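Novice: Each residue of the sequence shown is one higher than the one before, starting from 8 at the first, in our numbering.
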Amino acid sequence: MQHVIYSIGWKSGGGVHKLWFSFPDSRVTSLMWTQVQYCSTSGSDKTGSPAGPVEPKPTEKEQAAQSSAKTAGNDAALFLRAVLKKREYGIKYTQNNFITAVRAMNEFCLKPSDLEQLRKIRRRSPHDDTEAFTVFLRSDVEAKALDVWGSQEALARERNLRKDVEREYQENIFRNQKLLKEYKDFWGNTKVKTSSTTFLQGPGKVVMVAICINGLNFFFKLLAWVYTGSASMFSEAIHSLADTCNQALLVIGISQSVRNPDAVHPYGFSNMRYIASLISGVGIFMMGAGLSWYHGIMGLLHPQPIESLLWAYCILAGSLVSEGATLLVAINEIKKSAREQGLSFYEYVMQSRDPSTNVVLLEDAAAVLGVVLAAGCMGLTSLTGNPYYDSLGSLGVGTLLGTVSAFLIYTNTEALLGRSIQAEHVQKLTEFLENDPAVRAIHDVKATDMGLSKVRFKAEVDFDGRVVTRSYLEKQDIEQILNDIQQVKTPEELENFMLKHGENIIDTLGAEVDRLEKELKQRNPEVRHVDLEIL
Numbered sequence: 008m009q010h011v012i013y014s015i016g017w018k019s020g021g022g023v024h025k026l027w028f029s030f031p032d033s034r035v036t037s038l039m040w041t042q043v044q045y046c047s048t049s050g051s052d053k054t055g056s057p058a059g060p061v062e063p064k065p066t067e068k069e070q071a072a073q074s075s076a077k078t079a080g081n082d083a084a085l086f087l088r089a090v091l092k093k094r095e096y097g098i099k100y101t102q103n104n105f106i107t108a109v110r111a112m113n114e115f116c117l118k119p120s121d122l123e124q125l126r127k128i129r130r131r132s133p134h135d136d137t138e139a140f141t142v143f144l145r146s147d148v149e150a151k152a153l154d155v156w157g158s159q160e161a162l163a164r165e166r167n168l169r170k171d172v173e174r175e176y177q178e179n180i181f182r183n184q185k186l187l188k189e190y191k192d193f194w195g196n197t198k199v200k201t202s203s204t205t206f207l208q209g210p211g212k213v214v215m216v217a218i219c220i221n222g223l224n225f226f227f228k229l230l231a232w233v234y235t236g237s238a239s240m241f242s243e244a245i246h247s248l249a250d251t252c253n254q255a256l257l258v259i260g261i262s263q264s265v266r267n268p269d270a271v272h273p274y275g276f277s278n279m280r281y282i283a284s285l286i287s288g289v290g291i292f293m294m295g296a297g298l299s300w301y302h303g304i305m306g307l308l309h310p311q312p313i314e315s316l317l318w319a320y321c322i323l324a325g326s327l328v329s330e331g332a333t334l335l336v337a338i339n340e341i342k343k344s345a346r347e348q349g350l351s352f353y354e355y356v357m358q359s360r361d362p363s364t365n366v367v368l369l370e371d372a373a374a375v376l377g378v379v380l381a382a383g384c385m386g387l388t389s390l391t392g393n394p395y396y397d398s399l400g401s402l403g404v405g406t407l408l409g410t411v412s413a414f415l416i417y418t419n420t421e422a423l424l425g426r427s428i429q430a431e432h433v434q435k436l437t438e439f440l441e442n443d444p445a446v447r448a449i450h451d452v453k454a455t456d457m458g459l460s461k462v463r464f465k466a467e468v469d470f471d472g473r474v475v476t477r478s479y480l481e482k483q484d485i486e487q488i489l490n491d492i493q494q495v496k497t498p499e500e501l502e503n504f505m506l507k508h509g510e511n512i513i514d515t516l517g518a519e520v521d522r523l524e525k526e527l528k529q530r531n532p533e534v535r536h537v538d539l540e541i542l
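1) Can you say whether Asp484 is buried or exposed, counting buried as having 16 or more other CB atoms within 10 angstroms of its CB?
2) Excluding the five sequence neighbours on either side, which residues of its own chain have a C-beta within less than 7 Å of the C-beta of Phe352, listed in chain order?
3) Work out the CA separation of Thr107 and Glu123 for me, nearest whole Å.
4) Among Val375, Phe414, Phe439, which has the Cα closest to the Cα of Gly290?
5) Spatial neighbours of Ala283 within its chain, please: C-beta separation below 7 Å, excluding the five flanking residues on both sides.
6) Measure how close the beta-carbons of Leu327 and Val378 come, nearest whole angstrom, since I'm counting them as under 8 Å.
7) Hey, would you say Gly425 sits closer than 9 Å to Asp456, going by beta carbons?
8) Starting from Gly275, follow the beta strand (DSSP E) in both directions and report where the run begins and ends.
9) Spatial neighbours of Leu387 within its chain, please: C-beta separation below 6 Å, excluding the five flanking residues on both sides.
10) Specify the secondary structure class of Glu138 as computed by DSSP and reduced to three states.
11) Sort out for me which residues DSSP pairs Ser287 with in a bridge.
12) Is it true that the CB of Phe143 sits closer than 9 Å to the CB of Leu162?
13) In the DSSP assignment, what residue or residues form a beta bridge with Gly458?
14) Rounded to whole angstroms, what is the Cα-Cα separation between Leu598 and Pro394?
15) Whose C-alpha, out of Ile218, Leu459, Pro312, is nearest the C-alpha of Gln348?
16) Helix or strand or just coil, what does DSSP make of Arg266?
17) Please determine, among Asn113, Glu540, Thr333, Ala372, the residue with the shortest C-alpha to C-alpha distance to Val411.
18) So, does the stretch 434-448 touch the stretch 299-311, judging by three or more C-beta pairs under 8 Å?
19) Among Leu489, Glu173, Val462, whose alpha-carbon lies nearest the alpha-carbon of Glu533?
20) I'd like the ranges of any alpha helix (DSSP H) spanning at least 4 consecutive residues and lying wholly in the stretch 402-485.
21) By Cβ distance below 6 Å, which residues in the same chain neighbour Leu440 in space, the five residues on each side in sequence not counted?
22) Helix, strand or coil: which one does DSSP assign to Arg126?
23) Which of helix, strand or coil does DSSP assign to His309?
24) Kindly identify the DSSP beta-bridge partner or partners of Val537.
25) When you compare only the Cα positions, how much space is there between Val367 and Gly403?
26) Using DSSP with H/G/I as helix, E/B as strand and the rest coil, what is Gly209?
27) For Ile106, list the residues DSSP reports as bridge partners.
28) Using 10 angstroms around the beta-carbon of Lys228, count the other beta-carbons present and answer buried if the total reaches 16, otherwise exposed.
29) By alpha-carbon positions, which one of Asp154, Phe470, Trp232, Ala238 ends up nearest to Phe115?
30) Go through its chain and collect everything with a Cβ distance to Leu542's Cβ below 7 Å, but skip five positions before and after it.
31) How many whole angstroms separate the CB atoms of Gln263 and Met279, which I take to be in contact at a CB cut-off of 8 Å?
32) Which residue marks the beginning of the alpha helix (DSSP H) containing Lys525, and which one marks its end?
33) On the criterion of 16 or more Cβ atoms from any shown chain inside 10 Å, does Pro60 qualify as buried, or is it exposed?
34) Note the first and the last residue of the continuous alpha helix (DSSP H) segment covering Ala381.
35) Could you work out which residue in Phe276, His246, Ser242, Ala150 is closest to Gly288 when comparing CA atoms only?
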C-alpha cells in the first residue's frame, strides 16, 4: 500500500514549525480532502474558546505547541499539507524506455518475427520524412530476449559472436557482400554519385577545363625548358605541373563531397572540397614554390648561358592565352555564385565559399602573372645577356606561388574549423524563432557553414510553458478533462491524472520543436541541420 507523508505545523513570529507523519493512504484519505481549519491564539470568544469552527480536543503535543505559541505572544496558524512520498528510481532506470525495431534486433539479437508478438507503440518520428514510427518498450524487449536465449549469459555470448562476425566483415568487406546488402537500407547508401552533371556545370566544369589546359601547358613548357635551359621556363613548367596535380586533387574532392551521409559521417562529406583545396595549397607551396626557389637560387650560384628564346616566347604567349581563358571561366562562375548568395566578388573569394573554384581562380591568376614575369625576365636576359635576370624571374614566380598557397591554406583551414555564417543571416534566423508565440527567448546561438552552401544551426530555446499547454488543451475535450478532475479523490488518482497529461504535454513540446525546425528549413533552404535544445 502506498504511503503518504503529511506535514502538520504552525506559523509564528519565531518561524515555521512542522511535524511530519507517514500513514497508509487508506487511513488518512478523508483528512487530506477536508478543508483546512485555522485558529488564532488571540481571537478567543467570551468562553475562552478559539474563534472559528469547533476543533477536536487537541492532543498533548498540540496543547504544548499552542501553549508555546501563546507564551510568545504571536499569532499562530495550524495547517495540514499532504505530500507524495518521493519515488527512488536508482542510478539506472530503463523500464519506461522505448526502443526501435533495429536496436531491438541488433542489441538483443532478436528476429523480426520475435517482435511481432510484442506491444507496439506509435510515437512521434524524429525524421522529417515520416510523421510517426513504431517503437517497443525496452522491458518487453529484454523479457523477450531472455525468453529466446534462455539467460543473460547466452545472450552475451551471441552478442560477442556477432561482434566477431562484424569485425571480420570490417577487415574484409569484399567477403561480406551479402551482409552489406542486408544492412544497406539501415546504414544508408554511401556510393559516390556518378552523375555526369557534376563535372559539366559549376565548380566541376571550371576544374575540368583548368586541368586540361594546365596539362597541355606543362607539356609545352617542359619542351621549351629542355630546348632553352631557361630557369624561368623551368619554373613555369613546374608551375603548370603543380596546377595540374592540384586540380586533379580538386576533382577527387568534388567527387567525394557529393556522397550521401552515412552512420560514420552523419553530416555528409561536403568538407572534402575544403580538404582537397587545403592539400592543394600545401602542394603548391612544396612543389611549385619550393622547386622554383631552388632552381632560381641554383641559377644565381651557377649561371648558365641561355639558348634561343624564340620558342619559349611563343609557348609563353600560348600559355598566357589559355591561362587567361581559364581565369575568365573561373571569374564568371564566382560572379554567378556570389550573386546567388547576395555577396560581392571580394567577399565570396575571401570567405572561400567555393574552395574548388577559388583554387582555380588563384592558380590561374598566379599563372598569368607568372607568365608575364617570366617573359619579362627572359626578355631582360636576351637584351643584356645577363642570366641573373632569368634566375630572379624564377625566384619571383616561386614567391608568387608561395603567396597563393599561404592564402589557400589560411582560408581553407578557417573553413574546416567551423566558420560562422554572416551576422545578418544569424540575426534573421534568430528573429524568426523569437517571433513565434511559443518561444520566450533564444540563447547560445551557433550557425556554422558546413560547405557547399549548407548551414548547421543550433540554439537553446526558452519555451513558454503556458502557450505549449494551451496548444495541448486546444486539441483536447475540455468537458472530459473536467470530468476526470472531478473523479480525482485519492493521491493515486491524482498521480495518474498528472502523469497522463504531463506526458502528453511533453509530446506537445516535442511537436513544437519539430514544427519550428521544419519551418526554419522551409524558409531558409540553406539550413540543412537544425538543433533546438530546450532550455
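Each residue gets a CB set at the ideal place from its N, CA and C atoms; glycine is no exception.
Please read these numbers as outputs of a predicted model, since none were measured by experiment.
Specialist: Let's see:
1) The residue you call residue 484 lines up with position 477 of the sequence shown. Exposed, by the Cβ-count rule.
2) In the sequence shown, residue 352 corresponds to position 345, counting from 1. Around Phe352: Ile341, Lys342, Ala345.
3) On the sequence shown, position 116 is the one that residue 123 refers to. On the sequence shown, position 100 is the one that residue 107 refers to. Approximately 13 Å, taken between the alpha carbons.
4) Walking along the sequence shown from the start, residue 290 turns up at place 283. Nearest of Val375, Phe414, Phe439 to Gly290, Cα basis: Phe414.
5) By 1-based counting over the sequence shown, the position of residue 283 is 276. Contacts found: Leu256, Leu257, Ile259, Gly260.
6) Working through the sequence shown from its first residue, we reach residue 327 at position 320. Working through the sequence shown from its first residue, we reach residue 378 at position 371. The pair is a contact, with the Cβ atoms about 5 Å apart (cut-off 8 Å).
7) Here residue 425 refers to the residue found at position 418 when the sequence shown is read from its first residue. Here residue 456 refers to the residue found at position 449 when the sequence shown is read from its first residue. In contact: Gly425 and Asp456 (Cβ atoms closer than 9 Å).
8) Your numbering for residue 275 matches position 268 in the sequence shown. Neither: Gly275 is in no beta strand (DSSP E) and is coded neither H nor E.
9) Residue 387 sits at position 380 when you count from the first residue of the sequence shown. Cβ within range, chain order: Tyr396.
10) One-based indexing of the sequence shown puts residue 138 at position 131. Glu138: coil per DSSP, three-state reduction.
11) Counting from 1 along the sequence shown, the entry for residue 287 is found at position 280. Listed as beta-bridge partners of Ser287 by DSSP are no residues whatsoever.
12) Taking the sequence shown and counting its residues from 1, one reaches residue 162 at position 155. Taking the sequence shown and counting its residues from 1, one reaches residue 143 at position 136. Cβ atoms of Leu162 and Phe143: not closer than 9 Å.
13) The residue given as residue 458 occupies position 451 in the sequence shown. Looking at the DSSP assignment, Gly458 forms a beta bridge with Lys461.
14) Since the first and last residues shown for the chain are 8 and 542, residue 598 lies out of range.
15) Mapped onto the sequence shown, residue 348 falls at position 341. Cα-wise, what sits closest to Gln348 is Leu459.
16) Locating residue 266 in the sequence shown gives position 259, counting from the first residue. Coil.
17) Position 404 of the sequence shown holds residue 411. It is Ala372.
18) no
19) To locate residue 533, count along the sequence shown from 1; it is residue 526. Looking at the Cα atoms, Val462 is the closest of the given residues.
20) Those alpha helix (DSSP H) runs which fall completely within the stretch 402-485 and span 4+ residues are 430-441, 472-480.
21) Within the sequence shown, numbered from 1, the residue matching residue 440 stands at position 433. In its chain, beyond the 5 residues on either side, Val446, Ile449 have a beta carbon closer than 6 Å to the beta carbon of Leu440.
22) Locating residue 126 in the sequence shown gives position 119, where the first residue counts as 1. Arg126: coil per DSSP, three-state reduction.
23) The residue you call residue 309 lines up with position 302 of the sequence shown. Three-state result, His309: coil.
24) By one-based count along the sequence shown, residue 537 stands at place 530. Val537 is bridged to Phe464.
25) The residue you call residue 367 lines up with position 360 of the sequence shown. The residue you call residue 403 lines up with position 396 of the sequence shown. Roughly 20 Å separates the two Cα atoms.
26) Taking the first residue of the sequence shown as 1, we reach residue 209 at position 202. In the structure shown, Gly209 sits in a helix (DSSP, three-state: H, G or I).
27) As a working note, residue 106 is residue 99 in the sequence shown. Looking at the DSSP assignment, Ile106 forms a beta bridge with Phe143.
28) Taking the sequence shown and counting its residues from 1, one reaches residue 228 at position 221. So Lys228 ends up on the buried side.
29) Reading the sequence shown from its first residue, position 108 is the one you call residue 115. Nearest option by C-alpha distance: Asp154.
30) As a first step, residue 542 must be located in the sequence shown, where it is residue number 535. Hits under 7 Å: His450, Glu467, Val468, Asp469.
31) Here residue 263 refers to the residue found at position 256 when the sequence shown is read from its first residue. Here residue 279 refers to the residue found at position 272 when the sequence shown is read from its first residue. Going by Cβ atoms, the distance from Gln263 to Met279 rounds to 4 Å, so yes, they are a contact pair.
32) For the purposes of this step, residue 525 is taken as residue 518 along the sequence shown, with counting starting at 1. Residues 498-530.
33) Position 53 of the sequence shown, counted from the start, is the residue given in the question as residue 60. Interpretation of Pro60 is limited by its pLDDT of 44, a score under 50 that renders its predicted location unreliable; no figure is taken from the coordinates.
34) Here residue 381 is taken as the residue at index 374 of the sequence shown, counted from 1. Where Ala381 is concerned, the enclosing alpha helix (DSSP H) stretches over 362-391.
35) Position 281 of the sequence shown, counted from the first residue, corresponds to residue 288. Considering only alpha carbons, the answer is His246.
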